[in-house]
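Student: Numbering (the UniProt record's numbering), first residue to last: 1 to 571.
Every residue, glycine too, gets a C-beta built ideally from N, C-alpha and C.
Since the structure is predicted, the reported quantities are computational estimates derived from the model, not experimental observations.
Below is the structure I would like to discuss, written out as structure tokens.
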């Protein structure tokens with residue numbers, strides 16, 4: 001391999017050690033924008049390809065631009081205007097063949113991508129010279145109109161992109177031609193060169209979507225962004241409507257706090273947390289399953305909890321969709337009935353999680369010689385505990401939402417509250433029993449059927465239940481928001497109509513906060529799970545970006561110690 005002179009920001013240089021915040025801020029922003037581009041560009045390409053307003057070749061060429069940008073082929077972008085102009089010239093010159101969009105026209109895009117060296121302005125001149133029409137037809141008129149629309153679309157993106165390109169051009173110029181004594185500023189300028197390249201990609205991608213109404217509309221139809229755009233329109237709709245009531249807010253007494261902003265803010269925050277949870281939960285479950293230090297049933301049970309919580313998230317999104325679009329909420333709507341029943345049942349299931357964990361640990365202690373081997377037959381314990389928790393939760397919710405005279409909505413939540421309280425008590429008692437047994441074993445007390453394996457089983461119980469306590473304590477604090485909200489909504493005086501509606505908003509928000517809190521502590525509550533979580537590619541990129549500052553500060557201290565010793569030896 002021939003020798004070459006690499007150009008990159010030297011993170012371990014003395015310049016970086018002298019001003020870590022400067023380089024750290026630039027590089028972190030560059031990494032965040034690059035990650036955002038990697039997520040955003042596939043959706044932009046999908047929307048672009050699905051929009052038939054432009055010729056197929058132009059759409060493929062634009063997506064090729066995004067692909068090359070992902071590969072960071074900087075020099076490729078210098079020739080982009082020429083390649084687009086040449087493609088437009090062929091479209092005008094051979095309009096009758098080109099407008100049919102047959103497979104043979106793909107050779108144009110292949111040729112353009114291979115050659116891609118025809119000067120941009122020459123190609124543009126040829127294209128416009130070809131506009132002198134000798135054999136006029138309606139079809140050729142449409143082809144020329146398409147050329148004009150495509151060029152306008154390109155210019156809309158070119159102007160802000162050209163402005164943004166001043167950053168990398170200026171940075172590279174200072175790096176290459178700045179005075180020698182400007183060593184620090186030249187390194188900073190080169191950092192801005194890389195940042196400017198990313199900014200160009202961000203601006204170009206954004207304007208490729210918003211530069212055409214049809215592309216923009218196709219983009220808004222894609223699943224994740226359709227939810228985000230619905231949230232963006234939430235403010236106007238929620239000002240007109242109270243949560244769970246078909247009464248406009250202007251019927252309420254005038255008060256600065258009593259506006260749609262209250263509902264909009266809490267609901268938007270809730271949806272934001274749910275979207276974050278949707279992103280985090282798959283990574284967390286994968287990290288938990290790959291951690292072999294815990295019993296298989298315990299790991300699977302944790303993942304089942306998160307699976308049910310994701311179902312609850314989508315049920316809540318469906319209810320928000322009903323509210324946003326003013327869809328009728330009637331008793332005959334079976335779909336809405338099952339959505340509300342499922343969401344309520346999952347809340348009941350989550351209330352009984354402590355009791356099911358305590359029962360699972362009880363089985364692990366009583367039948368330790370069989371359970372510790374983690375055979376396939378031990379999975380029946382998991383199945384039984386899950387069914388023992390799910391069936392009563394769904395039964396209670398079903399009776400409550402079918403209007404049963406035995407269980408009302410209010411009694412439904414009261415029962416769930418008692419289940420949660422009882423489960424916590426059983427869990428704490430089981431934890432204390434195991435903790436006492438472990439202390440007795442460590443003191444050498446005489447225990448029936450004592451063995452090393454049983455000691456390990458009790459020790460595993462204590463470790464797993466201590467891990468659960470790390471999850472439970474912050475989650476209990478967060479869930480107090482939901483408990484207080486539903487309590488006010490159910491038992492507050494009837495004249496507190498506004499306060500009760502606001503409290504129900506905080507009930508939904510409290511569930512979201514509880515979910516995000518338990519997910520975070522599920523990772524950081526165990527060192528091995530946290531290490532597995534950090535090893536995943538997408539997460540490792542984020543952790544490495546955050547870790548730059550720590551490494552930089554460490555290298556700075558080492559450099560200062562070295563130079564201080566050097567000065568001492570020369571003194």
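Express the C-alpha separation of residue 470 and residue 531 in angstroms, rounding to a whole number.
Tutor: So the alpha carbons of these two residues sit roughly 17 Å apart.
Student: Helix, strand or coil for residue 312? Go by DSSP, reduced to three states.
Tutor: Correct three-state label for residue 312: helix.
Student: With DSSP collapsed to three states, give me the class of residue 370.
Tutor: In this structure, residue 370 counts as helix in the three-state DSSP scheme.
Student: Residue 576 lies in the alpha helix (DSSP H); which residues open and close that run?
Tutor: Because the chain spans 1 through 571 in this model, residue 576 falls outside it and cannot be assessed.
Student: Measure the Cβ-Cβ separation of residue 519 and residue 281 and say whether it is below 8 Å.
Tutor: Closer than 8 Å, so yes.
Student: Could you check what DSSP says for residue 465 in three-state terms: helix, strand or coil?
Tutor: In the structure shown, residue 465 sits in a helix (DSSP, three-state: H, G or I).
Student: Quick check on residue 415: does DSSP put it in helix, strand or coil?
Tutor: Residue state, collapsed to three classes: helix.
Student: With respect to the alpha helix (DSSP H) encompassing residue 392, which residues constitute its N-terminal and C-terminal limits?
Tutor: Counting along the chain, the alpha helix (DSSP H) containing residue 392 begins and ends at 379-401.
Student: Is the CB-CB distance between residue 497 and residue 488 below 8 Å?
Tutor: No.
Student: CB residue 455 to CB residue 441, shorter than 8 Å?
Tutor: Yes, they are a contact pair.
Student: Assuming the contact rule is C-beta atoms closer than 8 Å, residue 482 and residue 515 should be a hit. Round their C-beta distance to whole Å, please.
Tutor: Their Cβ separation, rounded to whole angstroms, is 10 Å, which puts residue 482 and residue 515 out of contact at 8 Å.
Student: For a quick check, are the C-beta atoms of residue 278 and residue 378 less than 8 Å apart?
Tutor: In this structure, residue 378 does not lie closer than 8 Å to residue 278 by Cβ.
Student: If contact is defined by three or more beta carbon pairs under 8 Å, each pair taking one atom from either stretch, is the region 363-374 in contact with the region 302-318?
Tutor: These segments do not touch.
Student: Please name the residue, chosen from 211, 197, 177 and 182, that lies closest to residue 168 on a Cα-to-Cα basis.
Tutor: Here the closest residue by C-alpha is 197.
Student: Distance, Cα to Cα, residue 502 vs residue 486?
Tutor: Rounded to whole angstroms, residue 502 to residue 486 spans 10 Å at the Cα level.
Student: Could you give the residue range of the alpha helix (DSSP H) that holds residue 182?
Tutor: Per DSSP, residue 182 belongs to no alpha helix (DSSP H) and is neither H nor E.
Student: So which of 419, 208 and 172 has the shortest CA-CA distance to residue 350?
Tutor: That would be 419, whose Cα lies nearest to the Cα of residue 350.
Student: The alpha helix (DSSP H) that contains residue 347, what's its start and end?
Tutor: Segment 334-351, the alpha helix (DSSP H) holding residue 347.
Student: Taking only the alpha-carbon atoms, compute the straight-line gap between residue 300 and residue 484 and give it to the nearest angstrom.
Tutor: Distance between the alpha carbons of residue 300 and residue 484: 31 Å.
Student: From the DSSP output, in three-state form, read off residue 525 for me.
Tutor: Correct three-state label for residue 525: coil.
Student: On the DSSP letters alone, give me the boundaries of the alpha helix (DSSP H) that residue 213 sits inside.
Tutor: From DSSP, the alpha helix (DSSP H) with residue 213 extends over 213-221.
Student: Tell me whether residue 420 sits in a helix, a strand or coil according to DSSP, three-state version.
Tutor: Residue state, collapsed to three classes: helix.
Student: Using a Cβ-Cβ cutoff of less than 6 Å, which residues in the same chain neighbour residue 175 once the five nearest sequence positions on both sides are dropped?
Tutor: So the list reads 186, 189 and 190, once near-sequence residues are dropped.
Student: Give me the Cα-Cα distance between residue 478 and residue 472, rounded to the nearest whole angstrom.
Tutor: Approximately 10 Å between the Cα atoms of the pair.
Student: Measuring straight from C-alpha to C-alpha, what distance separates residue 521 and residue 467?
Tutor: One C-alpha to the other measures close to 9 Å.
Student: For residue 375, which three-state DSSP category applies?
Tutor: Correct three-state label for residue 375: coil.
Student: Measure the alpha-carbon distance for residue 274 versus residue 222 and round it to whole angstroms.
Tutor: The alpha-carbon atoms of residue 274 and residue 222 are separated by roughly 18 Å.
Student: Looking at C-alpha atoms only, which residue of 220, 177 and 166 is the closest neighbour of residue 199?
Tutor: Here the closest residue by C-alpha is 166.
Student: If we count the other Cβ atoms within 10 Å of its Cβ and call it buried at 16 or more, is residue 173 buried or exposed?
Tutor: Residue 173 should be labelled exposed.
Student: Where residue 356 and residue 459 are concerned, what is the direct C-alpha to C-alpha distance, given to the nearest angstrom?
Tutor: Cα to Cα, residue 356 sits roughly 19 Å from residue 459.
Student: Excluding the 5 residues preceding and the 5 following residue 406 in the sequence, name in chain order all residues of the same chain whose CB lies nearer than 8 Å to its CB.
Tutor: Within the same chain, residue 406 has close Cβ partners 399.
Student: Give me the Cα-Cα distance between residue 202 and residue 42, rounded to the nearest whole angstrom.
Tutor: For residue 202 and residue 42, the distance between alpha carbons rounds to 13 Å.
Student: Quick one: measure Cβ to Cβ for residue 389 and residue 352, integer angstroms, because I've assumed they're closer than 8 Å.
Tutor: Yes, they are in contact, since the Cβ atoms of residue 389 and residue 352 sit about 5 Å apart, within 8 Å.
Student: Nearest-angstrom Cα distance between residue 335 and residue 391?
Tutor: So the alpha carbons of these two residues sit roughly 20 Å apart.
Student: Does residue 138 come out as helix, strand or coil in the three-state DSSP assignment?
Tutor: Because the pLDDT at residue 138 is just 48, under 50, the model does not fix this residue reliably, and the value given afterwards should be weighed accordingly. Reduced to three states, the DSSP call for residue 138 is helix.
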